[in-house]
Amino acid sequence: MDRERKKPLRRKPWPPETVVDKPAPLADEALFSRSVISPLRYPGAKRQLVAVIEALIRANMPPPRLLLEPFCGGATTTLRLLGAGLVQHGVLADIDPLVSAFWKTAAFDSRWLIDAMHQEPVTVERWDWWRASRPRGRRDRALKCLFLNRTTFSGILHGRAGPIGGRSQKSAYKIDCRFGIDGLTRRIEGVAELASTGRLLDVWEADWRVALARVPTIFGVLEPDEVVVYLDPPYVTKAQWLYQWSFQSAEHAHLASTLTSTSPYRWLLSYDDTSTVRDLYRRRQDQTTLHVSHRYTAAGSETRTVKDELLVTNFSTIPDSDRYRVLAP
Ligand SMILES: C[S@@+](CC[C@H](N)C(=O)[O-])C[C@H]1O[C@@H](n2cnc3c(N)ncnc32)[C@H](O)[C@@H]1O
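Residue numbers for the sequence shown follow the working numbering, so the first one is 16 and each next one is one higher.
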């Protein structure tokens, strides 16, 4: 099934002008400014937080040229910021081979993905087949990711979550209720357009440390202000049920020490509001912790609840807003 050609998806490294130049115009600007365009349903997707992140980026000069999202998951933030023109270029990275294969294929091989999606029977038998499969090629990993994400309870790719509607399919919501072909086609085409216009530059299957280190290697030495890193790591609580790759407590601490001591770039980090995270990021003069309350669909539930999150950043300007409360250092 997986008949991908062996040639590289993009020429690397990019000549410096690729990153410095303005991207080409979008065919339909309005589509990108109005909608959230991720084709993936993602546990913890950051739709509500994106507006806060947008406001923070607008308030800080100069505007960044390159956005790196090293825990991209559903990539809501990067797609939104690229589509709205708030950053010129973006790179997505995730350690999960299914997730990174999905984004790579949606961005640079979208025709294949759309055609394959149209041919896919959306049934419990097919769900079992994809769940048991171990695809080795990028294309089949991408299709597995899309299929399971759109047909599994809460979009959970790994672990014990079952198909939407249960095995007996007696529920009002059947397995295909979130597999709307036309909508998904438009969303994948949107991702492909971000790529073909030079906005979405690349997708990496990488650990966050590798992704951070790779930016200067691939793009050359950029001024610290030219890069913004948006990080949405696995939650402190519950992550082990949601993602194949969750964090042990030492890794939360390692991320904190990397960001607070060695990151050359501006960064924004979102987390569940726990005492662990508050402690890891407290008492730093050059960074701010914001408390944000927003409505959210929790994993394991199809209903919306209020969720408290923290947004930590080293941005220097924090505008007044009724969307968040600045925590005392
Ligand atoms: C909270 S989710 C991101 C959700 C995303 N911001 C969204 O809006 O959909 C965390 C992601 O981090 C990825 N991840 C976990 N450990 C990682 C690591 N060590 N390096 C890179 N990605 C990792 C998981 O595969 C998962 O996709």
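Here a beta-carbon is modelled for each residue, glycine too, at the ideal position from N, C-alpha and C.
Fair warning: this is a prediction, and the values are worked out from it, not measured in the lab.
As DSSP reads the structure, E208 sits in no beta bridge. In chain order, T166, I190, D191, F194 place their CB closer than 7 Å to the CB of V137, counting only its own chain and leaving out the 5 sequence neighbours on each side.
Between the region 211-219 and the region 67-75, the count of Cβ pairs shorter than 8 Å is below three; the stretches do not touch. G105 is classed as buried because its beta carbon has at least 16 other beta carbons within 10 Å across all chains shown. In the structure shown, K159 falls within a helical segment according to DSSP collapsed to helix, strand and coil. Distance from the C-beta of G105 to the nearest heavy atom of ligand 1 is not below 7 Å. With fewer than three CB-CB distances shorter than 8 Å, the region 92-112 does not count as touching the region 123-140.
Counting only residues of its own chain and dropping the five nearest sequence neighbours on each side, E135 has a CB closer than 8 Å to the CB of R141, L158, F162. A121 is positioned such that its CB atom lies closer than 8 Å to that of A207. In the structure shown, the three-state DSSP call for V230 is helix. The continuous stretches of alpha helix (DSSP H) do not include L101, and DSSP gives it neither H nor E.
Using a cutoff of 7 Å, the CB of K61 counts as near ligand 1, since one of the ligand's heavy atoms is closer than that. Taking a C-beta distance under 8 Å as the contact criterion, L326 and L81 do not qualify as a contact pair.
Between the alpha carbons of R293 and T277 lies a gap of roughly 20 Å. Of the heavy atoms belonging to ligand 1, none sits nearer than 7 Å to the Cβ of D287. Counting C-beta atoms within 10 angstroms of its own C-beta, T232 has fewer than 16 neighbours from the protein chains shown and is therefore classed as exposed. Within the same chain, W282, L284 come within 7 Å of L274 by CB-CB distance, once the 5 residues on both sides are set aside.
Within 7 Å of the C-beta of P249 there is at least one heavy atom belonging to ligand 1. In the three-state reduction of the DSSP assignment, K119 falls in the helix class, which pools H, G and I. Short note on G205: C-beta not closer than 7 Å to any heavy atom of ligand 1. Where D130 is concerned, the enclosing alpha helix (DSSP H) starts and stops at 125-133.
For E266, the uninterrupted alpha helix (DSSP H) segment begins and ends at 264-272. In the structure shown, the three-state DSSP call for S169 is helix. Nearest to R340 by alpha-carbon distance, out of E204, F330, E324, G198, is E324.
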